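S.K.: Quick one: structure below, then a few questions.
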Amino acid sequence: MKKFFLHCSLAAAVSLLTLALTPLTHAQQADQDRAPATPQQTDPAAAQQQQTNNEAQMPASGDTTTHEAQTFSGRIEKEKGEVVLKDPVTKVSYKLDNTAKAKQFMGKQVKVTGKLDMNSNTIQVDGIEPLS
200 MKKFFLHCSL AAAVSLLTLA LTPLTHAQQA DQDRAPATPQ QTDPAAAQQQ QTNNEAQMPA
260 SGDTTTHEAQ TFSGRIEKEK GEVVLKDPVT KVSYKLDNTA KAKQFMGKQV KVTGKLDMNS
320 NTIQVDGIEP LS
């Protein structure tokens, strides 16, 4: 009888322990599953800084030209009768709005500074300098 009581007590203890730990393991698993999809930032200042950085890189909705000058690098080439900056990494060609400034660098690797009009994929050129 003592053995029976001992086995029943042991079984009850294991069952209670299992019931107590199950919600904790499910909560940890849910947190792990959710983590990649929703990064958590505990610092509101860091969240604001991240949002500001994203806004500086991307124009506002409906806005087709970047607000701040960006730097683009590549080779000045003639493509379909237009002077373009060809980015060898992304294979993207950007039209240049100032062909007079760009023609002196024809066939050369350059760094172009300007604002990008995303509708026409045209850089409003502020400056062009050769890459060394």
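Anchor point for the sequence shown: position 59 equals 258 in my numbering, and the numbering is continuous, going up by one each time.
For every residue, glycine included, the Cβ atom is placed at its ideal position computed from N, Cα and C.
From a predicted model like this one, the values you see are computed outputs, not experimental measurements.
1) Is residue 200 helix, strand or coil when you go by DSSP?
2) Can you give the beta carbon distance from residue 268 to residue 312, rounded, assuming they're within the 8 Å contact cut?
3) Contact defined as beta carbons within less than 8 Å: I believe residue 296 pairs with residue 322. What is the distance between those atoms, to the nearest angstrom?
4) Looking at the unbroken alpha helix (DSSP H) that takes in residue 298, where does it start and where does it end?
5) Going by Cα to Cα distance, which pick from 308, 319, 324, 320 is closest to residue 330?
6) Assign residue 234 to one of three DSSP states: helix, strand, or coil.
7) Would the beta-carbon of residue 272 fall within 8 Å of that of residue 294?
8) Only counting the same chain, and skipping five residues up and downstream in sequence, which positions put a Cβ closer than 6 Å to that of residue 292?
9) Determine the direct distance from the alpha carbon of residue 276 to that of residue 265, and round the result to whole angstroms.
10) In this structure, how does DSSP classify residue 259 when only helix, strand and coil are distinguished?
M.R.: Answer, in terms of the structure:
1) coil
2) 5 Å
3) 7 Å
4) 298–302
5) 308
6) Because the pLDDT at residue 234 is just 45, under 50, the model does not fix this residue reliably, and the point stays unresolved.
7) no
8) 278, 283, 285
9) 23 Å
10) Residue placement at residue 259 cannot be trusted, given a pLDDT of 47 that sits under 50; the coordinates are not used to answer.
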